[in-house]
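Just so you know, this note's numbering puts 372 at position 336 of the first sequence, and the rest follows in order with no gaps.
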Amino acid sequence: MQIYNTMTRRKEELVPLTPGVIRMYVCGPTVYNFFHIGNARPFVVFDTLRRYLEYKGFNVVFAQNFTDIDDKLIRRAGEEGITVPEVAERYIQEYYTDADALGVERSSVNPRATEHIGEIVALVQTLIDKGHAYAADNGDVYFSVRSYPAYGKLSGQSIEDLESGARIDPTEHKRDPLDFALWKGAKPGEPSWETPWGRGRPGWHIECSAMSMNILGETFDIHAGGQDLVFPHHENEIAQSEAATGKPFARYWMHNGYININNEKMSKSLGNFMLVRDIAKEFDLEAVRFFLLSAQYRNPVNFSRELVEQADAALLRIRNARERLDEALAKPAPSSTAEDEAFIASVAEFRGRWEEAMEDDLNTADAIGVLFDFTRAANGFISEPRGEASLRAADALLRDVCSVMGILRHKKEEAFPKEALDLLEERKAARAAKNWARADEIREALKAMGFAVEDGKEGAKLKRL
RNA sequence: GGCACCAUAGCCAAGCGGUAAGGCAGAGGUCUGCAAAACCUUUAUUCCCCGGUUCGAUUCCGGGUGGUGCCUCCA
37 MQIYNTMTRR
47 KEELVPLTPG
57 VIRMYVCGPT
67 VYNFFHIGNA
77 RPFVVFDTLR
87 RYLEYKGFNV
97 VFAQNFTDID
107 DKLIRRAGEE
117 GITVPEVAER
127 YIQEYYTDAD
137 ALGVERSSVN
147 PRATEHIGEI
157 VALVQTLIDK
167 GHAYAADNGD
177 VYFSVRSYPA
187 YGKLSGQSIE
197 DLESGARIDP
207 TEHKRDPLDF
217 ALWKGAKPGE
227 PSWETPWGRG
237 RPGWHIECSA
247 MSMNILGETF
257 DIHAGGQDLV
267 FPHHENEIAQ
277 SEAATGKPFA
287 RYWMHNGYIN
297 INNEKMSKSL
307 GNFMLVRDIA
317 KEFDLEAVRF
327 FLLSAQYRNP
337 VNFSRELVEQ
347 ADAALLRIRN
357 ARERLDEALA
367 KPAPSSTAED
377 EAFIASVAEF
387 RGRWEEAMED
397 DLNTADAIGV
407 LFDFTRAANG
417 FISEPRGEAS
427 LRAADALLRD
437 VCSVMGILRH
447 KKEEAFPKEA
457 LDLLEERKAA
467 RAAKNWARAD
477 EIREALKAMG
487 FAVEDGKEGA
497 KLKRL
């Protein structure tokens, strides 16, 4: 599989450190609020990568953290009059509510910063011991950027360029404006932990280094996140981690593009964000997931209600195909013919094309194109009775594709209210009597109740609208 | 100022050296009592502009134009 590596700015063959195992780390949410659609993109995209790798037979160790101690949580706790752990716990649960609805599989591990304080402190101590970090007089500990000559290798910037562009940091505790905090000295009323250099709490960047290396090893395969994390977050992680261990940190760096609103980056600071929680009031989040996968993950995508509606309409095609196939599968099958053989061969081709798209740096847009091509072929093929083997081949492909893409996860709701079923019966009688006026009237009534009627060869069906 | 990214139909979006996938929306048709779903046909003489390389460029190179992002918390 080819993966675009931000470090080398090229697509590279993904070769895991340990054959058959992929160790990956995705930067997770800071849990002080509900997450927005922009935050959702990496969750969905890298979940899809994980699912694909598992489909290919890899054992994927997938870690996504929760940042549960930082300025924003402290502020939030103050605003709500509750403790920082209470804020964290609440929004971790809210994260799961939205992530589950988006079809994001649970991580193998969900480390929380506060549960790894020991490793974080040890890592900071190592950096101090090796001369890469220093404790300032206010209890902060800073990483000395100039002590790590390779600094800037991920973002493609030299220390000098960064220096000239850096805004003046008001803090006087740093020796160099580029230095960043590994540890923040305790302030009154804030959560803090005891360390050899005084009480305090971890800085943001060091958490991810400590947790990822602790769980996945000092060198692991994939480190992923949004493009806005390239600098400084991931650059800093590399500096800290490699300075401490002397070994390469992550081997492949993957970064997803932004979600935009009117071609402008959606972000909490700009205030133009849309909460996944709010979108869920209007749309099935499966449509949102499908929308997110309808573009290649590195490209920016605009978000709008209209586009989710388009995605929803497109998804309906796949749902309908799924239903038609289920119905075909439920019928007695005639014995296979040469046409079945040919169809089975074409299914194998579709599978090949789909995998090829997925393996080209997770080109889900292209992969979806293959899915639709397959859908049309299958819909046409099953318009008449077909052998079991060919139906099963189609079923297996559709299942695999949907499973990797995380769509069509819901079971069909077959429980219709008695009132609706009675109306359907009455309509059947009316149609038998060729009383079309009454039949149409009932169809309208059912529509008003939220059900569509579809007349097929084997009678009428109800569908939820 | 430094470092990147993007520009393909009404709306999305692949393709990235061999003559424009797919979806939504629209139009026509088959099926249907009428619909719906499904299927078929149709919708870009052309990929922001100008040069260059090439037998051949949407695809590579150079230069423009327009838009975006990172360099500060941010997915």
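Idealized CB from N, CA, C, for every residue including glycine.
Count the other C-beta atoms from every protein chain shown that fall within 10 angstroms of the C-beta of residue i, then say buried if there are 16 or more, exposed otherwise.
i, result
"Gly139", "buried"
"Val51", "exposed"
"Trp390", "buried"
"Trp240", "buried"
"Arg341", "exposed"
"Asp134", "buried"
"Thr400", "buried"
"Ser194", "exposed"
"Leu361", "buried"
"Trp472", "exposed"
"Arg325", "buried"
"Thr54", "exposed"
"Leu459", "buried"
"Arg500", "exposed"
"Thr150", "buried"
"Glu155", "buried"
"Leu306", "exposed"
"Ile586", "Lying outside 37 to 501, the shown extent of the chain, residue 586 is not represented and no answer is given."
Give me the Cβ distance between residue i and residue j, rounded to the nearest whole Å; I'm assuming they're in contact under 8 Å.
i, j, result
"Glu276", "Leu218", "For the sequence presented, residue 276 should be read as Gln rather than Glu. Contact holds; Cβ gap of about 7 Å."
"Leu365", "Ala323", "Incorrect: roughly 25 Å between the Cβ atoms, too far for contact."
"Phe410", "Phe386", "4 Å"
"Thr373", "Gly416", "Incorrect: roughly 16 Å between the Cβ atoms, too far for contact."
"Pro213", "Glu199", "7 Å"
"Pro238", "Ile297", "No, Pro238 and Ile297 are not in contact; Cβ-Cβ is about 33 Å, not under 8 Å."
"Gly234", "Gly175", "4 Å"
"Val81", "Asp104", "Between Asp104 and Val81 the Cβ distance is about 23 Å, and since that is not below 8 Å, they are no contact."
"Ile478", "Glu462", "6 Å"
"Leu427", "Val383", "10 Å between Cβ atoms; not a contact."
"Asp376", "Ala425", "6 Å"
Give the range of the beta strand (DSSP E) segment to which residue i is assigned.
i, result
"Gly262", "256–262"
"Arg46", "46–49"
"Met60", "57–62"
"Asn415", "Note, Asn415: premise wrong, no beta strand (DSSP E); alpha helix (DSSP H) at 400–417."
"Val97", "95–100"
"Tyr294", "Unbroken run through Tyr294: none, as it is neither H nor E."
"Ile105", "That residue, Ile105, is in no beta strand (DSSP E); it is neither H nor E in DSSP."
"Gln38", "38–41"
Residue i lies in the alpha helix (DSSP H); which residues open and close that run?
i, result
"Ile118", "Per DSSP, Ile118 belongs to no alpha helix (DSSP H) and is neither H nor E."
"Asp348", "341–366"
"Arg77", "73–91"
"Glu494", "Note, Glu494: premise wrong, no alpha helix (DSSP H); not H, not E."
"Ile380", "374–395"
"Ile274", "271–281"
Using beta-carbon positions only, say whether residue i and residue j come within less than 9 Å of one another.
i, j, result
"His184", "Tyr178", "At residue 184 the sequence reads Tyr, which differs from the His that was named. Cβ distance not < 9 Å, so Tyr184 and Tyr178 don't count as in contact."
"Met37", "Leu89", "yes"
"Ile295", "Lys301", "yes"
"Val145", "Ile251", "yes"
"Val437", "Leu407", "yes"
"Glu130", "Arg313", "yes"
"Tyr61", "Ser248", "yes"
"Ala222", "Gly236", "yes"
"Ala137", "Ala349", "no"
"Pro336", "Gly293", "yes"
"Leu482", "Ala451", "no"
"Ile242", "Leu159", "yes"
"Met290", "Gly261", "yes"
"Phe267", "Ala286", "no"
"Gln100", "Phe71", "no"
"Arg142", "Val97", "no"
"Ala430", "Ile418", "yes"
"Leu498", "Ala488", "yes"
"Gln346", "Asp402", "no"
"His209", "Asp320", "no"
"Tyr40", "Ser439", "no"
Sorry if obvious, but does the Cβ on residue i come closer than 8 Å to a heavy atom of the ligand FAD?
i, result
"Asn250", "Looking at this structure, you won't find the ligand FAD or any other ligand, since it has none at all."
Which parts of the stretch 296–323 are runs of the alpha helix (DSSP H), unbroken and 4 residues or longer, counting only runs that do not cross its ends? 312–318
Would you mind listing the beta strand (DSSP E) stretches within the stretch 427–477 that are 3+ residues and don't spill past its ends, in chain order? none
Restricting to runs no shorter than 4 residues, where is the alpha helix (DSSP H) found entirely within the stretch 137–179? 153–165
Let me know the beta strand (DSSP E) ranges lying completely inside the stretch 208–247, each 3 residues or longer, listed in chain order. 216–221, 236–238
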